[in-house]
Amino acid sequence: MGWIITLIVGGIIGWLAGLILGKDVPFGIIGNIIAGLVGAAIANAIGLSFGPEVGGVSIIGGLLGAIILILIVSFIMKALGGNDRA
Numbered sequence: 076m077g078w079i080i081t082l083i084v085g086g087i088i089g090w091l092a093g094l095i096l097g098k099d100v101p102f103g104i105i106g107n108i109i110a111g112l113v114g115a116a117i118a119n120a121i122g123l124s125f126g127p128e129v130g131g132v133s134i135i136g137g138l139l140g141a142i143i144l145i146l147i148v149s150f151i152m153k154a155l156g157g158n159d160r161a
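Per the numbering used here, residue 76 is the first one in the sequence shown, and the count goes up by one each step.
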């Protein structure tokens with residue numbers, strides 16, 4: 076049951092990050108989950124893992140990491156000539 080909660084929290088974090096930046100995360104809900112979970116891992120790696128944790132994911136740190144991840148992906152896609160959906 077714990078991994079389901081982690082996936083739900085990752086999806087919500089990725090969705091919130093996309094809303095804050097005003098950008099769509101590619102691949103819909105799967106992209107949101109990936110952005111949230113990878114964002115939390117990025118935040119943990121650079122020491123931003125703070126705030127409340129739900130399902131093993133730091134909410135504030137995960138949100139900051141997801142925002143960083145979406146900005147990086149958006150920059151890369153724009154540099155490669157892709158559309159600005161990321």
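All C-beta atoms, glycine included, are put in the ideal place defined by N, C-alpha and C.
With 16 other CB atoms within 10 Å as the buried threshold, where does residue i fall?
i	result
A154	exposed
L144	buried
G114	buried
A92	buried
I134	buried
Return the Cβ separation of residue i and residue j in integer angstroms, given the expectation that the two are a contact with Cβ distance under 8 Å.
i	j	result
G111	I80	At roughly 12 Å, the Cβ-Cβ gap does not stay under 8 Å, so G111 and I80 are not in contact.
Inset, instruction - Let me know the alpha helix (DSSP H) ranges lying completely inside the segment 76-152, each 4 residues or longer, listed in chain order. - result: 77-96 and 103-120
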